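First to last, the sequence lines map onto chains A and B. The numbering of the first sequence is our numbering, which starts it at 1 and goes up by one. The numbering of the second sequence is our numbering, which starts it at 1 and goes up by one. Ideal placement from N, C-alpha and C gives every residue a C-beta, glycine not left out. Keep in mind it's a predicted model, so treat the numbers as computed, not measured. Let me begin by presenting the structure, written as structure tokens, before commenting on it.
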Amino acid sequence: DAGITQSPRHKVTETGTPVTLRCHQTENHRYMYWYRQDPGHGLRLIHYSYGVKDTDKGEVSDGYSVSRSKTEDFLLTLESATSSQTSVYFCAISEGGTGANVLTFGAGSRLTVL
Amino acid sequence: DQQVKQNSPSLSVQEGRISILNCDYTNSMFDYFLWYKKYPAEGPTFLISISSIKDKNEDGRFTVFLNKSAKHLSLHIVPSQPGDSAVYFCAARRTHGGSQGNLIFGKGTKLSVKP
């Protein structure tokens, strides 16, 4: 299995509280991504990183921030969680380069905002 | 604006028969298409891909067909097995300039293979 670890795997929090999800990889891949999966929406890109301290927005970035201070760690932060951010969050990594850009996904973090 | 569409939310197939999952796209700049499989409580796993310059790619029981003129691709699973029961996501990539390009996913199709 690709070395991707997401933590926490499950979290319940209240509206207005800050939440940080962590993605850790042992593959030394350049690219890291955060997606959310919701019924009826499939997988949607929140933010991605193309190197240490290099990040960019995806299609559903409002309400989220990210940081990547080390190659192996990519953090997703909800500054003030809302019920609409209840979702399953997936981290993914890729080597980049030419070709199909195959993403390898982590097991997911289920977040419930009450 | 949904660029990658999987119009069938679910599909049920008998074991041993062919499963055909469909995907349509709107952006002619996509250069790669991928299929992912997802079991409950797990992350999606890569299944097969196809370049936009090809019209077919095969890997064991899985074959992906691409019809560029129709902006349509399909995943064929032959023969279908109960272990193939999962949600299947179609994804597309567009590169621009020197960038890596990101994947855009469809909403998924839930395949059920009945023994």
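Would you give the residue range spanned by the beta strand (DSSP E) that residue i belongs to?
i: residue 43/B; result: Careful: residue 43/B lies outside any beta strand (DSSP E) and carries neither H nor E.
i: residue 11/A; result: 10-13
i: residue 67/B; result: 62-67
i: residue 30/B; result: From DSSP, residue 30/B is part of no beta strand (DSSP E); its letter is neither H nor E.
i: residue 114/B; result: 109-114
i: residue 33/A; result: 31-38
i: residue 52/A; result: Unbroken run through residue 52/A: none, as it is neither H nor E.
Confirm, please, whether the CB-CB distance from residue j to residue i is below 8 Å.
i: residue 30/B; j: residue 92/B; result: yes
i: residue 85/A; j: residue 63/A; result: yes
i: residue 101/A; j: residue 75/B; result: no
i: residue 77/B; j: residue 59/B; result: no
i: residue 36/A; j: residue 113/A; result: no
i: residue 77/A; j: residue 61/A; result: no
i: residue 6/A; j: residue 93/A; result: no
i: residue 21/B; j: residue 109/B; result: yes
i: residue 108/A; j: residue 106/B; result: no
i: residue 8/B; j: residue 112/B; result: no
i: residue 19/B; j: residue 69/B; result: no
Candidates the options: which alpha carbon is nearest residue i's?
i: residue 22/A; options: 70/A, 39/A and 41/A; result: 70/A
i: residue 80/A; options: 11/A, 17/A, 55/A and 3/A; result: 17/A
i: residue 47/A; options: 97/A, 58/A and 83/A; result: 58/A
Item checked: Residues, ordered as in the chain, of the region 30-56 of chain A that lie near chain B by beta-carbon distance below 7 Å -> 31, 40, 41, 42, 43, 45, 48 and 50
Check: Quick one, which residues of the region 37-62 of chain B are near chain A if we go by CB-CB under 9 Å, in chain order?
Finding: 38, 41, 42, 43, 44, 45, 46, 49, 50 and 51
Notebook entry, point to check: Which of the residues in the region 100-112 of chain A, read from start to end, lie with their CB under 8 Å from any CB of chain B?
Noted result: 100, 101, 102, 103, 104, 105, 106, 107 and 108
Item checked: the region 78-89 of chain B: positions lying closer than 8 Å to chain A by Cβ -> 89
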